[in-house]
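These notes concern the structure reproduced below.
Numbering (the numbering used here), first residue to last: 33 to 250.
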């Protein structure tokens, strides 16, 4: 069983259903070519469960051991790959389902299984965003994102930004790794002050209300 689905159940129904198929493989659903408690030509299905106990949850693989009782009931033990108990069913009663009478079988099948096609929504076309760079030619960010001939606009300040640019990228001042602790702290304060002033200038431009400012930090 897939771990994603198995984790939603103490014992996944599909895993239990597959385990109960061992009853047919072990010949517990028939007796002298007849289903247990039914006439020849029928099929026995699990009907009543008794003494059910789950010892471990979220099992993905199990081993099955079945035993037939004197009254035709079955005893089922599920263990994991190490032999540790997963679940036990001390009394599983089988009920015959005659093969004749296809109307009854069809009614049960129609009640449990229905095919319903859900129309898929058409994919929404993805429109590439127009974006620009806020900075000066020759800086690392501008050279990397807007090389010569790329057609990506470079703006010197927020007031010069074109409203058609949905995203404008600006690079924060990089820190000085050569300075000491005091110098680095001062550089961080200057970068924060620079970012604050840039955001204030950006918000002061009404034509950029629908554009997004993205700050790149080092």
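We treat Cβ as the ideally placed atom computed from N, Cα and C, and that holds for glycine.
| query | result |
| --- | --- |
| Spatial neighbours of residue 190 in its chain, beta-carbon cut-off 6 Å, leaving aside the 5 residues before and after | 233, 234, 237 |
| Sub-9 Å separation of residue 112 and residue 88 beta-carbons | yes |
| Assigned exposure category for residue 76 - 16 Cβ within 10 Å defines buried | buried |
| For residue 100, the nearest candidate out of 116, 54, 86, 91 (CA to CA) | 54 |
| Start-to-end residues for the alpha helix (DSSP H) that takes in residue 107 | Where residue 107 is concerned, there is no enclosing alpha helix (DSSP H), although the beta strand (DSSP E) it sits in stretches over 106-111. |
| Close Cβ partners of residue 171 (< 8 Å) along its chain, the five nearest in sequence each way excluded | 203 |
| Contact check, residue 201 vs residue 248, beta carbons under 9 Å | yes |
| Where residue 163 sits in the DSSP three-state scheme | strand |
| Residue 247: first and last residue of the uninterrupted beta strand (DSSP E) it sits in | 244-248 |
| Cβ separation of residue 47 and residue 86, assumed to be a contact under 8 Å, to the nearest whole Å | Going by Cβ atoms, the distance from residue 47 to residue 86 rounds to 12 Å, so no, they are not a contact pair. |
| Validate contact between the segment 106-121 and the segment 78-85 using beta carbons, cut 8 Å, 3 pairs | yes |
| Where the beta strand (DSSP E) through residue 202 begins and ends | 199-203 |
| Closest residue to residue 160 among 223, 228, 181, 199 (Cα-Cα distance) | 199 |
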